[in-house]
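**Student:**
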Amino acid sequence: MELKLLQSYRCPASLDDALRTLKQDPDSAVLAGGTDLLVTPPGPVRTVIDISRLGLDQITEAGGEIRIGARVTMSRLAHDPITLRLANGILAQAAAFCMSELVRNAATVGGNLANAAAEADLPAPLLVLDAEVLVAGGSRKAIVLDDFFTGPRATVLNREIITEVVVQAPSGTSGASFHKMGRTDSDIALVNAAALVVIAGGTCRKARVAVGGAWPFPARSRRAEKALEGHALTAELLDAAALLAQREQPALGDFRASAEYRAGLVRVLVRRALEEAARRAGVAL
Amino acid sequence: MSTPKSPNPSPPQPNPGGFLTPPAAPVTVHAVVNGKPVEYMAGLRETLMDLLRREGWAGVKNGCETGECGACAVLMDGVPKASCLILAAQAEGRTITTIEGLGTFEALHPVQQAFVDATAIQCGFCTPAMVLVAAALLKENPHPTEADVRQAFDGVLCRCTGYVKPVEAVLACAARRPAESGGTPERQVP
């Protein structure tokens with residue numbers, strides 16, 4: 003789709019050059035994969051800043067910390083041995099079922115976060131992994147993903163560029179799961195959900211539950227997490243946690259699905275994700 | 070840019086600009102297209118799809134302009150991508166392959182031949198994209214499963230065939246190749 007107001011195409015060789023343009027031109031936008039920018043630009047775009055020369059495309063693992071460059075594509079996330087190993091591969095799985103191979107070969111993790119669609123697939127698994135977003139261009143270096151989204155397609159980014167996403171591999175006995183429901187398995191999510199549980203001494207030491215697609219932006223369900231932490235996981239407790247997740251926020255309706263349907267999906271997908279995560283952690287339910 | 074004020078999650082955003090838009094200076098794009106170095110003049114706002122079609126590569130089809138149908142698929146440095154989501158300017162220094170670069174009437178690419186043999190072509194509109202995507206798949210995975218082939222086609226919408234014959238064609242093409250000596254093929258990820 004045409005960016006009708008485009009006046010200038012820049013392809014800077016350095017992050018500093020990219021940031022300079024981004025700050026000086028209020029109608030400039032970062033161009034990574036282009037799979038969101040060229041379809042639903044967030045506003046009038048008169049300058050695109052193509053960041054393809056800036057690298058930012060490595061996935062590294064050291065001491066349990068995984069760093070993913072902002073320009074890493076969905077395809078790469080879906081197939082890289084590091085992401086396939088990380089937390090039962092939930093990030094790879096979320097990336098693998100996003101839209102289509104053609105889109106996945108171009109779409110980037112940084113773009114998926116910066117575009118901040120409520121139904122984006124990468125935030126939920128990243129949220130349960132306590133991800134941090136590293137940014138350049140402002141005084142802050144890192145933003146906890148939990149604090150990153152502020153509204154529909156809105157983030158705390160202020161003329162900054164995402165450089166990396168950092169997660170810690172879960173330690174101890176853990177299990178994670180990702181579930182998504184769309185019209186087809188690679189279509190846009192109506193609702194997606196991710197869960198992570200860490201088990202110690204027979205009880206759930208840490209629980210993370212995240213939901214996308216149902217609310218104005220992807221977010222954790224603190225109520226579900228609190229209900230799980232400190233307790234032995236049983237089928238009844240998972241039922242209760244899924245219900246709490248459903249009640250965390252009122253679900254939104256749109257042309258793809260009604261609020262009632264999304265609310266129902268939250269409960270079902272959280273329940274499935276928790277069950278699969280628990281089983282993967284070796285819990286007998 | 071101001072952030073959207075709508076309370077609804079991700080409403081379809083109108084592309085600002087309206088009917089009358091200010092002119093923009095053209096760009097020169099140097100690339101290798103179907104094996105030949107080219108220097109194209111492109112509109113700043115043109116997508117790679119529009120540029121390629123204007124330069125005569127009509128095998129690149131315009132089906133949706135939003136990256137959802139796959140008819141505009143090209144190989145960019147060997148990787149299948151939707152050319153409608155790439156600005157022409159982004160092709161600078163890249164290698165582009167369209168269906169015209171894959172095979173000719175005199176010398177069909179093996180995947181093209183397989184499509185013909187399997188009668189996998191009906192209206193033919195999605196066929197260039199299917200063939201390109203299948204060729205790219207077989208290059209990195211010479212012995213795909215049916216699931217692999219179906220996943221490769223997940224970005225190319227076909228209203229005619231139900232994917233039955235195209236999938237058969239790709240599997241038949243793979244079966245005709247000499248068997249690998251062993252080990253799993255190295256997957257090149259974009």
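Residue numbers (my numbering), protein chains in the order written: chain A, 3 to 287; chain B, 70 to 259. Positions of the beta carbon are idealized from the N, C-alpha and C atoms, including for glycine.
1) Spatial neighbours of Met70 (chain B) within its chain, please: C-beta separation below 6 Å, excluding the five flanking residues on both sides.
2) Could you check whether the Cβ of Glu103 (chain A) sits closer than 9 Å to any Cβ belonging to chain B?
3) Whole alpha helix (DSSP H) runs in the segment 205-271 of chain A with 4 or more residues, listed along the chain?
4) With distance defined between alpha-carbon atoms, name the residue in A:Asp38, A:Cys206, A:Leu240 nearest to Arg274 (chain A).
5) Using a Cβ-Cβ distance under 9 Å, would Thr230 (chain B) count as near chain A?
6) Please list, in chain order, all residues of the same chain as Ile168 (chain B) whose beta carbon is under 7 Å from its beta carbon, the five residues on each side excluded.
7) Jot down the residue ranges of each uninterrupted beta strand (DSSP E) in the segment 60-107 of chain A, minimum 3 residues, whole runs only, in chain order.
8) Would you say Ala187 (chain B) lies against chain A (beta-carbon separation less than 9 Å)?
9) Going by DSSP in three states, Ala204 (chain B) sits in which element: helix, strand or coil?
10) For Pro149 (chain B), list the residues DSSP reports as bridge partners.
11) When DSSP labels each residue in this structure, what does Pro235 (chain B) get in the three-state scheme?
12) Please classify Gln26 (chain A) as buried or exposed, where buried requires at least 16 neighbouring CB atoms within 10 angstroms.
13) Using a Cβ distance threshold of 8 Å, determine whether the segment 136-145 of chain A contacts the segment 181-188 of chain A, with at least three qualifying pairs required.
14) Does any C-beta atom of chain B lie closer than 9 Å to the C-beta of Tyr263 (chain A)?
15) Can you tell me whether Arg210 (chain A) is buried or exposed, with buried defined as 16 or more other CB within 10 angstroms of its CB?
16) Output the boundary residues of the beta strand (DSSP E) element that contains Arg12 (chain A).
17) Compare the C-alpha of Arg264 (chain A) against each of A:Gly215, A:Leu131, A:Tyr11 and name the closest.
18) Unbroken alpha helix (DSSP H) runs of length 4 or more, entirely within the segment 122-192 of chain B: which are they?
19) For Ala238 (chain B), count neighbouring Cβ atoms within 10 angstroms of its own Cβ and tell me buried if that reaches 16, exposed if not.
20) What does DSSP give as the partner residues of Phe180 (chain A) in its beta bridges?
21) Classify Ser16 (chain A): buried if its beta carbon has 16 or more other beta carbons within 10 angstroms, exposed otherwise.
22) Span of the alpha helix (DSSP H) holding Ala120 (chain A)?
23) Could you tell me the distance, in whole angstroms, from the CA atom of Met101 (chain A) to the CA atom of Val225 (chain B)?
**Tutor:** Walking through what the data contain:
1) Interpretation of Met70 (chain B) is limited by its pLDDT of 44, a score under 50 that renders its predicted location unreliable; the figure taken from the coordinates is listed afterwards. Excluding five sequence positions before and after Met70 (chain B), none of the CB atoms of its chain fall closer than 6 Å to its own CB.
2) It does; some Cβ of chain B falls within 9 Å.
3) Complete alpha helix (DSSP H) runs here, min 4: 224-230, 237-250.
4) Measuring from the Cα of Arg274 (chain A), the nearest candidate turns out to be A:Leu240.
5) Under the Cβ distance rule, Thr230 (chain B) does not count among the residues neighbouring chain A, no pair being separated by less than 9 Å.
6) Here the set comprises Gly128, Pro197, Val200, Leu201.
7) Taking only runs of at least 3 residues, the beta strand (DSSP E) segments lying wholly in the segment 60-107 of chain A are 61-64, 67-71.
8) Chain A contact via Cβ: absent.
9) Ala204 (chain B) carries a helical assignment under DSSP once its states are collapsed to helix, strand and coil.
10) Paired residues: B:Leu144.
11) Three-state DSSP puts Pro235 (chain B) in a helix.
12) Exposed, by the Cβ-count rule.
13) When Cβ pairs closer than 8 Å are counted between the two stretches, the segment 136-145 of chain A is seen not to touch the segment 181-188 of chain A, the count staying below three.
14) Taking a beta-carbon distance threshold of 9 Å, Tyr263 (chain A) does not count as an interface residue toward chain B.
15) Arg210 (chain A) is classed as buried because its beta carbon has at least 16 other beta carbons within 10 Å across all chains shown.
16) Residues 10-12.
17) Of all alpha-carbon atoms in A:Gly215, A:Leu131, A:Tyr11, the one lying nearest the alpha-carbon of Arg264 (chain A) is that of A:Gly215.
18) The DSSP assignment places complete alpha helix (DSSP H) segments of no fewer than 4 residues inside the segment 122-192 of chain B at 179-186, in order along the chain.
19) Residue environment: Ala238 (chain B) is assigned as buried (16 or more neighbouring CB atoms within 10 Å of its CB, all protein chains considered).
20) Bridge partners of Phe180 (chain A): A:Ala196.
21) It counts as exposed.
22) Boundaries for Ala120 (chain A): no alpha helix (DSSP H) harbours it, and the DSSP string shows neither H nor E there.
23) Met101 (chain A) and Val225 (chain B): Cα-Cα distance of roughly 11 Å.
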